[in-house]
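A.B. asks: First the structure, then my questions, so here it is.
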Amino acid sequence: MFWLKRNLPRLVIAPSFGVIAWFVYGFILWTIYISFTKSKLLPVYDLWGVDQYFRLWSMPRWHVAVENLFIFTTLFIVFCIFIGILLAILLDQKIRAEGFLRTIYLYPMALSFIVTGTAWRWMLNPSLGIEKFAQDLGFVNFTFDWLVTPGMSIYTIVIAGVWQSSGFIMAIFLAGLRSVDDEIIKAAKIDGASLVSVYTKIILPMMRPVFMSAIVILVHLAIKSYDLVIALTAGGPGISSDMPAVFMTQMAFHRSEIGLASASAIMMFLTVSAIVVPYLYSELKREDDRK
Amino acid sequence: MTENNYNQLERSAKNKKIIFRWILFIILGLFAIYYIAPLYVMIVTSFKTMEEIRQGNLFSLPNTLNFESWDIAWNGQGFSAGDVFIKTYFWNSVKLVVPAVIISTILGAINGYALTKWRFKGDSYIFLLFLFGTFIPYQAILLPMSRTLGSLGISNSIYGLILVHVVYGLCFTTLFCRNYYISISNEIVKAARIDGAGFFKIFFRIILPISAPILVVTVIWQFTMIWNDFLFGATFTFGKEAPIQVALNNMVLTSSSVKRYNVDMAAAIIAGFPTLIVYVLAGKYFIRGLTAGSVKG
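Protein sequence lines, in the order shown, are assigned to chains Y and S. Letter 186 of the first sequence, counting from 1, is numbered 186 in this note's numbering, and no numbers are missing. Letter 254 of the second sequence, counting from 1, is numbered 1254 in this note's numbering, and no numbers are missing.
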């Protein structure tokens, strides 16, 4: 009875711990193992070495996916952070309708990527969407057919992605700005610093942790992005807007290449880990330092 | 400096300030239009007839409020075999979301409580496992998960999806609750323990009554994540068992008949409506969840 009482906290955690150990870490290990086998439609458990990784990196389609991921991630981060900071700083100027504007800027975050993709797919429709609107306004030669142009469709994913996520970056920067002591700003202003230099020289450098969080979140969102691609371009035209997450599900569930799919999944996993592990390490260290 | 000069200087500073405010509002207003435009387009498109869509443009208002496309999106037309509509799948999602949110939130609260108020050896490592679990790309677990669901006999069912969402939501709910409880003073718990109160008594009598803020945040987060999920739904279900986002995507992508953009938009609004309502009603908690999930540790 005493033993039970003493170990109750552990017993309570145990089921959840077991579930996570099995369904998260056990499953990742399984995927790693399968990536070293010849598995096609069904898993085979004879080790085959790293050949799946060689196959993967010799596939043009995988290169397209990785290149697209690189383009998407870079632009997604740059635009989200730029817009996010701009809006946060402007909203921080004691605006009367702040609450209302904030609600508008952030609502896309409540919508799913499928809804987002559906809405933008319609807006970017070459024959009836924005293109036609501009032509009706009198810009007869205006064309905006990125959605159906190979090489350009990836940028439509950036447009929709930035629309969906930039408000969130605004929110975390605004929270950061609100935690800055007003006295610092006042003191700098008395010293004759302009508003612009107060922000660029003093406040934004103080926001380093916020930048870090924002970048980690955005990178990890970008690597995982699947729904938005499916809903907006379905990886097309052809495979021109393919991304690793789309590649993986294609290989796993449509091409019966589960060894190859596992290898691509592990590449994604390693990329996320390479960014997240150092970040978590520094965050937890900061928390320890505070104690 | 004469009095006159001084006044002039003051006036120009005031003018400058007014101009600055105007620029501020114009930029903020333009961004507001950018964010609102897609929602506006979705709404007006859903009320137009296909004839109006072809003749007018994206932003033009409908001539009359035409609810027909909403009816078709929700109920279907009911005469062809491949008729795709939203109703069934909307209720699938409701049946999925309610139990999955409740179970994962309760487990998260108990885990967070045990990890912070009953410290034991190795608890911080267990927490790390949960924390890292919030970041993993789900592609790394999709294949074994689909095999597991198959061998449990719950593939292509709501039960399977409930399991999946509880398991992977557990990382988030535990993280949220742990970060909240760690800021609560240990003194109350210690005092209660000296008085002889046990693990569950302290949880139900002391911790739970002050947990409302974090439980709201957690519930909203889980609700949004699960309602909006597409990857798990599309991978583990098909046909009549699919959740709403999958159904919406199927509906929009089917090219069997003439495209009906008005019906697509009505369906998209229906699929986005529940989370949007939650956001409008409880935006404060929604944002808190987002930032709690981001500034971790």
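Note that beta-carbon positions come from the ideal geometry of N, C-alpha and C, so glycine has one too.
Under 8 Å by Cβ, that's how I've got threonine 1173 (chain S) and leucine 1107 (chain S) pegged, so tell me the actual separation to the nearest angstrom.
C.D. replies: Contact holds; Cβ gap of about 7 Å.
A.B. asks: Rounded to whole angstroms, what's the CA-CA distance from valine 78 (chain Y) to valine 44 (chain Y)? Just pull it up for me.
C.D. replies: 43 Å
A.B. asks: Closer than 7 Å, Cβ to Cβ, to anything on chain S: give me those residues from the region 182-193 of chain Y, in chain order.
C.D. replies: none
A.B. asks: Rounded to whole angstroms, how far is the Cβ of methionine 1042 (chain S) from the Cβ of methionine 1265 (chain S), which I believe are closer than 8 Å?
C.D. replies: 5 Å
A.B. asks: Which residues mark the beginning and the end of the alpha helix (DSSP H) in which valine 219 (chain Y) is found?
C.D. replies: 208-224
A.B. asks: Smallest Cα separation from isoleucine 28 (chain Y): which of S:Phe1047, S:Tyr1040 and S:Ala1140?
C.D. replies: S:Ala1140
A.B. asks: Let me confirm a value: glycine 99 (chain Y) is counted as buried when at least 16 other C-beta atoms fall within 10 Å, else exposed. Which label applies?
C.D. replies: exposed
A.B. asks: Report the start-end ranges of each beta strand (DSSP E) in the region 1134-1173 of chain S that is 3 residues or longer and not cut off at the edges.
C.D. replies: none
A.B. asks: Say whether chain Y places a C-beta atom closer than 8 Å to the C-beta of tryptophan 1118 (chain S).
C.D. replies: yes
A.B. asks: Kindly say whether tyrosine 1040 (chain S), judged by its beta-carbon, lies nearer than 8 Å to any beta-carbon of chain Y.
C.D. replies: no
A.B. asks: Measure the C-alpha to C-alpha separation of leucine 47 (chain Y) and threonine 37 (chain Y) and round it to an integer number of angstroms.
C.D. replies: 5 Å
A.B. asks: Pull the bridge partners of leucine 47 (chain Y) from the DSSP assignment, please.
C.D. replies: Y:Thr37
A.B. asks: If we cut at 8 Å on Cβ distances, does histidine 220 (chain Y) have a partner in chain S?
C.D. replies: yes
A.B. asks: Quick one: any contact between the region 137-150 of chain Y and the region 80-99 of chain Y, if contact means 3 or more CB pairs under 8 Å?
C.D. replies: no
A.B. asks: At the 8 Å Cβ level, is tryptophan 120 (chain Y) part of the contact set with chain S, yes or no?
C.D. replies: yes
A.B. asks: Leaving out the 5 sequence neighbours to the left and right, which residues in its chain are closer than 7 Å to lysine 131 (chain Y) when beta-carbon positions are compared?
C.D. replies: The question names lysine, but residue 131 (chain Y) in the sequence shown is glutamate. So the qualifying residues of the chain are Phe142, Thr143, Phe144 and Asp145.
A.B. asks: Which value, in whole angstroms, describes the spacing of the CA atoms of alanine 265 (chain Y) and serine 1060 (chain S)?
C.D. replies: 45 Å
A.B. asks: In chain S, which residues lie less than 8 Å from lysine 132 (chain Y) when you measure between Cβ atoms?
C.D. replies: Asn1057 and Leu1058
A.B. asks: DSSP on proline 9 (chain Y), reduced to helix/strand/coil?
C.D. replies: helix
A.B. asks: Quick one: measure Cβ to Cβ for threonine 1237 (chain S) and valine 1246 (chain S), integer angstroms, because I've assumed they're closer than 8 Å.
C.D. replies: 7 Å
A.B. asks: Measuring only the C-alpha atoms, how far is alanine 1032 (chain S) from glutamine 164 (chain Y)?
C.D. replies: 13 Å
A.B. asks: Using a Cβ distance threshold of 8 Å, determine whether the region 92-112 of chain Y contacts the region 239-248 of chain Y, with at least three qualifying pairs required.
C.D. replies: no
A.B. asks: Tryptophan 62 (chain Y) versus chain S: which residues are under 9 Å apart at the beta carbon?
C.D. replies: Those do not exist, as tryptophan 62 (chain Y) stays about 14 Å from chain S at its closest Cβ, beyond 9 Å.
A.B. asks: Would you say valine 196 (chain Y) reaches chain S, if we count a Cβ-Cβ gap shorter than 8 Å as a contact?
C.D. replies: no
A.B. asks: Which residue's Cα is closest to the Cα of threonine 1121 (chain S): Y:Ser58, Y:Leu111 and Y:Arg6?
C.D. replies: Here the sequence assigns lysine to residue 1121 (chain S), which means threonine is not the residue at that position. When each option's Cα is compared against that of lysine 1121 (chain S), the closest is Y:Arg6.
A.B. asks: Quick check: the region 55-67 of chain Y against the region 1201-1208 of chain S, are at least 3 beta-carbon pairs closer than 8 Å?
C.D. replies: no
A.B. asks: Under DSSP, the alpha helix (DSSP H) around valine 1252 (chain S) begins and ends at which residues?
C.D. replies: 1244-1253
A.B. asks: If you pair each beta-carbon of the region 107-116 of chain Y with each one of the region 221-229 of chain Y, do three or more pairs fall below 8 Å?
C.D. replies: yes
A.B. asks: Are the region 175-187 of chain Y and the region 253-265 of chain Y touching by the rule of at least three beta carbon pairs closer than 8 Å?
C.D. replies: no
A.B. asks: I'd like the ranges of any alpha helix (DSSP H) spanning at least 4 consecutive residues and lying wholly in the region 93-177 of chain Y.
C.D. replies: 98-106, 113-123 and 130-136
A.B. asks: How many angstroms separate the CA atom of valine 198 (chain Y) from the CA atom of lysine 189 (chain Y)?
C.D. replies: 8 Å
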